[in-house]
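Read through the structure below, which is laid out as structure tokens, and then see the notes.
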Amino acid sequence: MGKEFITRIIESSGKTKTQFANEIGVNKYTVDKWLAGIYRPDAANQESIRLKFKREIAKLYK
Numbered sequence: 001m002g003k004e005f006i007t008r009i010i011e012s013s014g015k016t017k018t019q020f021a022n023e024i025g026v027n028k029y030t031v032d033k034w035l036a037g038i039y040r041p042d043a044a045n046q047e048s049i050r051l052k053f054k055r056e057i058a059k060l061y062k
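Mapping of the sequence shown onto full-length UniProt numbering: residues 1 to 62, in sequence order.
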């Protein structure tokens, strides 16, 4: 899951980066690192994003 995809999920959800981070249970600075391309979400965080943002992800594939 790359930074562009995470950016699209955040934008389509209408949430701020802080709200997004709180929703999936990570620190805001972790999300900043993902968006900067320094790190990618690990498998557990990717699963959490997929579970909590199913609707937004589905919109991106339409």
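All C-beta atoms in this analysis are idealised placements derived from N, C-alpha and C, irrespective of residue type, glycine included.
In this text the structure is predicted, and so the values were computed from the model without any measurement.
| query | result |
| --- | --- |
| Sub-9 Å separation of residue 64 and Ser48 beta-carbons | Only positions 1 to 62 of the chain appear in this structure, which leaves residue 64 out of reach. |
| Buried or exposed (CB count within 10 angstroms, at least 16 for buried), Ala21 | buried |
| Whole-angstrom C-beta distance between Leu51 and Glu6, which should lie under 8 Å | For the record, residue 6 in the displayed sequence is Ile; it is not Glu. 15 Å between Cβ atoms; not a contact. |
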